[in-house]
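In my numbering, the protein residues as written are 10 to 325.
Heads up, the beta-carbon is just placed ideally off N, CA and C, and yes, glycines get one too.
Notes for the one structure printed next.
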């Protein structure tokens with residue numbers, strides 16, 4: 010089988026080189042082929058020079074692609090897909106490293122022709138001891154610390170897990186059936202927009218495609234110190250929910266809305282200060298206290314996205 014691994018990147022030439030080298034150093038099961046596609050999304054650092062050097066060192070196994078028309082992760086992912094030719098298309102991020110068994114897990118999984126896509130866990134690599142308030146399932150996923158258990162399971166509506174874009178592999182035929190990544194979602198250089206992975210995952214399931222969570226498909230995510238700050242998490246909660254609200258505004262789902270949001274959103278928002286106060290009063294964990302605070306930021310973001318967000322903000 011042939012596999013193209015796409016890495017979208019923006020101004021992270023040092024960590025990008027580490028990510029690419031982890032792919033070049035991981036053993037590939039005999040008879041299979043792997044190529045790395047780096048998509049440079051308007052970087053101003055030495056990204057192009059680094060990728061060209063890695064390409065020379067690897068005898069052309071690393072391809073440089075420039076996505077300079079539009080800023081944003083989804084645009085970069087789609088540029089990579091457009092340049093991919095292999096039957097399997099994988100994705101990692103530029104601040105990650107793959108485990109030595111990553112390729113073995115992929116080619117073993119796709120030896121079953123009924124498998125359409127797979128995903129795996131993110132194991133964190135910390136620059137310092139993580140704060141207690143970070144240890145909540147929803148908060149962890151926001152910074153790329155995700156683990157959905159040690160049992161292989163099929164992705165479906167009964168499995169509370171997400172196909173995370175920084176550690177996933179899909180058959181190319183999946184994109185023919187459900188399309189590429191939505192450019193209404195995904196972070197830009199200025200805003201922490203999100204939702205492109207959830208949107209893709211929902212379309213894959215809705216199309217009846219078969220995907221599995223593989224706990225042995227491991228990547229190591231180097232989490233930067235700035236993501237371990239509450240200010241970052243507040244920004245993420247706001248903008249991730251803003252992109253969700255903007256998408257809902259365009260799709261106009263059925264229901265009764267007040268100022269662009271369904272009634273249950275207001276009930277949740279009104280209950281958040283009470284839950285927050287209760288968590289403080291009864292000395293609940295720092296993670297629960299901060300999680301309840303973030304609920305307010307999510308409501309504010311969704312309200313903004315549903316009523317005020319412009320297409321210019323989304324397109325970067």
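For residue 302, the enclosing alpha helix (DSSP H) has its first and last residue at 295 to 316. In the structure shown, the three-state DSSP call for residue 138 is coil. Each of 89, 226, 31 and 50 was checked against the Cα of residue 67, and the nearest Cα belongs to 31. With respect to residue 38, residue 148 sits apart: the two C-beta atoms are not nearer than 9 Å.
In the structure shown, residue 21 falls within a coil segment according to DSSP collapsed to helix, strand and coil. Taking C-beta atoms under 8 Å as the contact rule, residue 101 and residue 48 fail to qualify, at a distance of about 12 Å.
Per DSSP, the continuous beta strand (DSSP E) segment holding residue 228 begins and ends at 228 to 231.
Cβ neighbours of residue 175 within its own chain (closer than 8 Å, five residues either side excluded): 100, 101, 102, 105, 131, 153, 228 and 230. Out of 73, 182, 40 and 170, the CA that lies nearest to the CA of residue 58 is found in 73. In the displayed model, residue 65 falls within a helix according to three-state DSSP. Looking at the DSSP output, residue 178 bridges to 99 and 127. Under the three-state reduction of DSSP, residue 93 is assigned to coil, being neither helix nor strand. Inter-residue distance for residue 193 and residue 251 is about 11 Å (C-alpha atoms, whole angstroms).
Between the alpha carbons of residue 36 and residue 45 lies a distance of about 14 Å. Secondary structure note for residue 37: it is in no alpha helix (DSSP H), with a DSSP letter that is neither H nor E.
Secondary structure of residue 190 (DSSP, three-state): coil. Residue 146 counts as exposed, since fewer than 16 other C-beta atoms from the protein chains shown sit within 10 angstroms of its C-beta. Only residues of its own chain outside the window of five on either side were considered, and among them 242 and 245 have a CB closer than 7 Å to the CB of residue 151, listed in chain order.
Inter-residue distance for residue 161 and residue 239 is about 33 Å (C-alpha atoms, whole angstroms).
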